[in-house]
Amino acid sequence: MTSDAAPEPRDIAVVAFAQSDTLRSTAEVSEVEMLMPVLHDVIAQTGLKTADIGFTCSGSCDYLAGRAFSFTLALDGVGAWPPISESHVEMDGAWALYEAWTKLLSGDADTALVYAYGKSSPGSLRDVLTRQLDPYYVAPLWPDSVALAALQAQALIDAGATDEPELAAIGARSRATDNPRAQLKGPVPQGDYLVRPLRTGDCPPVGDGAAAVVLAAGERARELCERPAWIRGIDHRIEAHSLGVRDLTDSPSTRLAAERAGAFERPVDTAELHASFTSQEVVLRKALRLGDEVAVNPSGGALAANPMMAAGLARIGEAAARIHRGESDRALAHATSGPCLQQNLVAVLEGDPR
Amino acid sequence: MSKEPVAVVGIGQTKHVAARRDVSIAGLVREAAVRALDDAELTWADIDAVVIGKAPDFFEGVMMPELYLADALGAVGKPMLRVHTAGSVGGSTALVAANLVAARVHSTVLTLAFEKQSESNAMWGLSLPIPFQQPLLAGAGGFFAPHVRAYMRRTGAPDTVGSLVAYKDRRNALKNPYAHLHEHDITLEKVQASPMLWDPIRYSETCPSSDGACAMVLTDRAGAARAPRPPAWMLGGAMRSEPTLFAGKDAVSPQAGKDCAADVYRQAGIADPRRDIDAVEMYVPFSWYEPMWLENLGFADEGEGWKLTEAGVTELDGDLPVNMSGGVLSTNPIGASGMIRFAEAALQARGQAGEHQVEGARRVLGHAYGGGSQFFSMWLVGSEPPDA
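Same order as they appear, the protein sequences are chains A and B.
Start counting the first sequence at 0; every next residue gets the next number (numbering that gives the first Met the number 0).
Start counting the second sequence at 0; every next residue gets the next number (numbering that gives the first Met the number 0).
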């Protein structure tokens with residue numbers, strides 16, 4: 000810290016969250032049509048109009064739409080007229096929320112709309128995701144996302160960190176959710192091996208969906224929401240891309256992000272984890288030091304609904320919504336990107352003391 | 000709310016060329032990043048976060064390439080953000096990075112933008128048809144040509160103005176060692192005799208396809224105090240977006256561009272941009288966009304932009320030099336082009352622009368736009384820090 004002390008940062012909160020149903024196929028609607036009801040919902044919750052929003056930021060990925068600049072069409076749906084202050088990350092919407100959070104921190108805006116969406120149904124997601132691997136040495140071999148996750152799961156089993164019955168229990172618990180938006184819920188058979196040691200029950204459903212949140216700073220947050228979910232800290236870290244140089248049974252980037260976000264300062268009562276595979280929950284629980292007393296993924300998490308690019312933002316939204324409803328006082332939300340948990344974001348949310 | 004002042008203390012570019020077959024994408028970006036670090040006399044350990052931008056992933060055929068590039072950019076163990084706002088992305092990326100410093104989230108941030116167009120085909124990447132959408136089968140030129148024609152009709156500009164811009168920018172590029180096109184035998188007649196591509200845009204009035212990367216090191220006041228060379232200070236920065244196509248859109252002079260410039264000028268205390276700003280690096284992928292943006296950015300009244308160009312005001316030795324580096328017309332690694340504008344503006348404010356330096360440039364505007372003239376990002380940088 001320099002001699003001229005920096006002013007106290009502003010308090011920023013998630014004040015509204017909305018999401019679509021996650022569906023296996025939404026061929027009848029465009030991305031924009033899928034997104035629009037979610038935007039209307041989240042804005043209506045706050046009573047704001049588009050013109051009242053200080054900053055807008057979105058997350059999506061061209062490769063899912065199969066078309067360059069696909070996000071430009073979503074902007075038309077936002078109603079960016081008169082022109083708005085707006086930005087976009089080619090990442091999960093959780094990182095769009097991070098960008099919006101820094102924008103509010105700098106005082107440039109008091110409110111922000113963050114949205115994310117993705118349709119996996121137009122293509123083969125397992126094939127599409129191979130295109131995010133090292134383009135010269137790895138991508139040409141087309142190792143798919145389930146195969147890479149299976150490597151991680153096998154490494155965990157080999158290390159004695161988990162076994163197949165424990166993984167099955169994680170899958171069963173995740174789908175035992177009453178989340179009406181979830182794609183996969185209730186008694187779901189563990190199924191056959193997809194790629195050993197992962198069975199279909201260890202893998203997320205492939206689905207289309209959208210999510211949105213509204214952020215607000217200070218008193219504005221209290222005006223817009225009865226019990227704002229204050230962002231006490233948020234941080235994200237990336238690891239090396241190559242699986243060969245990483246210990247797949249651990250997630251140092253998650254641990255570091257959690258530390259920087261202040262997650263270990265006091266216990267949390269809820270954790271919404273972006274663990275797309277049962278085995279990844281094992282890794283994240285360890286990195287985040289989550290005990291059995293913490294409600295992990297009461298929404299069902301990514302194993303119940305995994306809309307690409309929106310699933311991470313939805314974790315923050317679900318955690319915040321529990322605070323809004325008074326079901327949580329201090330919650331942790333996690334988002335991930337890349338193969339085998341390469342990049343991780345952790346946010347810590349708190350409600351006012353009761 | 001007081002924001003932390005943001006300083007540019009390191010700038011690095013690759014020599015932009017049609018195809019860098021000697022390096023991978025990782026090698027290309029690392030080259031620019033290392034040059035920016037060297038300029039700032041910093042090491043990878045001094046960098047707190049990395050913010051990377053590029054235009055569509057389809058241009059190289061790599062989905063979310065920041066994942067693969069984490070190692071090459073020293074980002075392992077650090078936060079890494081990936082920005083994508085179409086053609087304005089290079090500018091937006093710098094602004095997102097600057098905001099991390101301004102918000103006091105990080106002290107020193109590496110920001111980088113790139114495009115390695117030779118890995119794929121940008122025209123193809125821009126022309127993928129999808130159901131129920133207008134196909135854009137002629138790339139960017141086919142989209143923008145009608146708007147240029149509308150500008151000519153609206154203002155009565157003579158059809159010679161576009162070639163003047165191209166001739167100027169290509170001559171400026173000869174003074175910039177990093178520029179892609181070095182046409183030593185360029186003449187105005189050659190520009191005017193070049194084939195018509197999308198009427199009224201001629202071959203020599205369009206940008207090339209380049210491989211290249213641009214990087215900057217941004218830091219706070221304390222970081223600037225330690226910098227070995229004079230920093231450029233950010234005096235204002237803004238982004239604005241509007242819808243692609245709607246009945247009320249003025250494609251010749253979009254409202255989002257006007258609003259974005261107004262916001263930057265307000266932050267920087269600019270009352271009269273024509274008088275208060277010394278030079279401009281603006282995003283001109285087709286020559287006619289110089290007079291168009293001169294009006295949109297408030298340097299000329301509506302319908303008068305072409306007169307500044309025609310009178311030589313925007314020449315390197317003119318009263319308001321525009322695209323001293325040679326601009327997008329001479330160098331266009333699409334995702335990096337916006338950041339090159341921002342970085343070249345900062346080079347000018349630092350007095351480090353070499354042969355294409357504008358003497359006494361103290362306040363310089365960097366400008367980028369993208370999509371269907373719908374995304375805008377701009378910053379104004381100066382040789383003096385903003386008022387405390």
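Built from N, CA and C at the ideal position, the CB exists for glycine as well.
Rounded C-alpha distance that separates residue i from residue j
| i | j | result |
| --- | --- | --- |
| Asp300(B) | Pro142(A) | 57 Å |
| Leu41(B) | Glu280(A) | 39 Å |
| Pro266(A) | Leu287(A) | 11 Å |
| Ala146(A) | Leu68(B) | 22 Å |
| Gln342(A) | Leu66(B) | 8 Å |
| His146(B) | Val251(B) | 6 Å |
| Gln18(A) | Val164(B) | 49 Å |
| Ile51(B) | Lys174(B) | 28 Å |
| Glu163(A) | Ile315(A) | 29 Å |
| Leu346(B) | Ala226(B) | 14 Å |
| Met0(A) | Glu7(A) | Residue placement at Met0(A) is poorly supported in this model, since its pLDDT is 40, which falls under 50; the coordinates still yield a value, given next. Those two C-alpha atoms are separated by around 13 Å. |
| Leu217(B) | Ala97(B) | 7 Å |
| Met338(B) | His105(B) | 20 Å |
| Ala67(A) | Leu22(A) | 24 Å |
| Leu415(B) | Ala79(A) | No statement about residue 415(B) is possible, as the shown extent of chain B runs from 0 to 387 and does not include it. |
| Phe375(B) | Gln182(A) | 38 Å |
| Leu193(A) | Ala267(B) | 59 Å |
| Ala35(B) | Pro196(A) | 46 Å |
| Glu241(B) | His83(B) | 16 Å |
| Arg221(A) | Ile11(A) | 10 Å |
| Leu104(A) | Pro272(B) | 29 Å |
| Arg152(B) | Ala261(B) | 26 Å |
Nearest-angstrom Cβ-Cβ length linking residue i and residue j, presumed shorter than 8 Å
| i | j | result |
| --- | --- | --- |
| Cys206(B) | Ala335(B) | Wrong, their Cβ atoms sit about 12 Å apart, outside the cutoff. |
| Arg349(B) | Ala231(B) | 5 Å |
| Leu214(A) | Thr45(A) | Going by Cβ atoms, the distance from Leu214(A) to Thr45(A) rounds to 10 Å, so no, they are not a contact pair. |
| Asp290(B) | Trp305(B) | With the sequence shown as reference, residue 290(B) is identified as Pro, and Asp is not the correct amino acid for it. Contact flag correct, Cβ pair sits at about 4 Å. |
| Asn296(A) | Leu272(A) | 6 Å |
| Pro203(A) | Ala301(A) | 5 Å |
Assigned secondary structure, residue i (DSSP; H/G/I helix, E/B strand, else coil)
| i | result |
| --- | --- |
| Ala346(A) | strand |
| Ile185(B) | coil |
| Gln12(B) | strand |
| Asp271(B) | coil |
| Cys259(B) | helix |
| Arg314(A) | helix |
| Gln18(A) | strand |
| Met308(A) | coil |
| Gly369(B) | strand |
| Met0(A) | Confidence in Met0(A) is poor, its pLDDT being 40 and thus under 50, which makes the residue's placement unreliable; the coordinate value appears in the next sentence. In the structure shown, Met0(A) sits in coil (DSSP, three-state: anything other than H, G, I, E or B). |
| Gly380(A) | This structure does not reach residue 380(A), given that chain A is present from 0 up to 353, and the question cannot be answered. |
| Leu196(B) | strand |
| His323(A) | helix |
| Tyr192(A) | strand |
| His333(A) | strand |
| Ile42(A) | helix |
| Phe263(A) | coil |
| Ile11(A) | strand |
| Thr25(A) | coil |
Check: Is there contact here, the segment 27-36 of chain A with the segment 87-101 of chain A, by at least three beta-carbon pairs under 8 Å?
Finding: Per the Cβ contact rule, the segment 27-36 of chain A is not in contact with the segment 87-101 of chain A (fewer than 3 Cβ pairs under 8 Å).
Item checked: Contained beta strand (DSSP E) runs [length at least 3] in the segment 90-134 of chain B, N- to C-terminal order -> Segments of the beta strand (DSSP E) lying fully in the segment 90-134 of chain B: 107-115.
Note to self: Counting beta carbon pairs with one atom in the segment 266-279 of chain B and one in the segment 308-321 of chain B, are three or more of them shorter than 8 Å?
What the structure shows: The count of Cβ pairs closer than 8 Å, one atom from the segment 308-321 of chain B and one from the segment 266-279 of chain B, reaches three, so the stretches are in contact.
Margin query: Would the segment 5-12 of chain B count as touching the segment 70-82 of chain B if we require 3 or more Cβ pairs under 8 Å?
Written below: no
Checklist line | Sufficient close CB pairs (3 or more, under 8 Å) joining the segment 113-120 of chain A to the segment 297-308 of chain A | finding: yes
Check: Hey, is the segment 104-113 of chain B in contact with the segment 252-266 of chain B, meaning 3+ C-beta pairs nearer than 8 Å?
Finding: no
Item checked: the segment 152-165 of chain A contacting the segment 263-278 of chain A, beta-carbon criterion three pairs below 8 Å -> By the Cβ criterion, the segment 152-165 of chain A is in contact with the segment 263-278 of chain A, since at least three pairs of Cβ atoms, one from each stretch, lie closer than 8 Å.
Notebook entry, point to check: How do the segment 38-56 of chain A and the segment 127-142 of chain A stand: do at least 3 beta-carbon pairs fall below 8 Å, yes or no?
Noted result: In this structure the segment 38-56 of chain A does not touch the segment 127-142 of chain A; the number of beta carbon pairs closer than 8 Å is below three.
Next item on the list: Please go through the segment 60-92 of chain A and give each complete beta strand (DSSP E) segment of 3 or more residues, from N-terminal end onward.
Entry: Runs of the beta strand (DSSP E) inside the segment 60-92 of chain A: 85-88.
Next item on the list: Could you say if the segment 335-349 of chain A and the segment 223-240 of chain A meet the contact criterion of at least three C-beta pairs nearer than 8 Å?
Entry: yes
Check: Should the segment 52-70 of chain A be called in touch with the segment 156-171 of chain A, which here means at least 3 C-beta pairs below 8 Å?
Finding: Segment contact: the segment 52-70 of chain A against the segment 156-171 of chain A, fewer than three CB-CB distances shorter than 8 Å; contact not assigned.
Check: At which residue ranges does the segment 198-263 of chain B contain complete beta strand (DSSP E) runs of 3 or more residues, listed in the order of the chain?
Finding: Listed in chain order, the complete beta strand (DSSP E) runs (minimum 3 residues) inside the segment 198-263 of chain B are 210-218 and 231-240.
Next item on the list: Pick out the complete beta strand (DSSP E) segments inside the segment 8-96 of chain B, 3 residues or longer, and give them in chain order.
Entry: 48-52 and 79-82
Next item on the list: Would you check if the segment 78-89 of chain B and the segment 180-191 of chain B touch, i.e. whether three or more CB-CB distances between them fall below 8 Å?
Entry: no
Check: In the segment 80-164 of chain A, which residue ranges form an unbroken alpha helix (DSSP H) of at least 4 residues, counting only runs that do not cross its ends?
Finding: 92-104, 124-128 and 144-157
Margin query: Three or more C-beta pairs under 8 Å: does that hold for the segment 356-369 of chain B against the segment 89-96 of chain B?
Written below: yes
Item checked: alpha helix (DSSP H) runs contained entirely in the segment 331-383 of chain B, provided each spans 4 or more residues -> 333-349
Margin query: Runs of 3 residues minimum, wholly inside the segment 194-252 of chain A: which ones carry the beta strand (DSSP E) assignment?
Written below: 208-216 and 228-237
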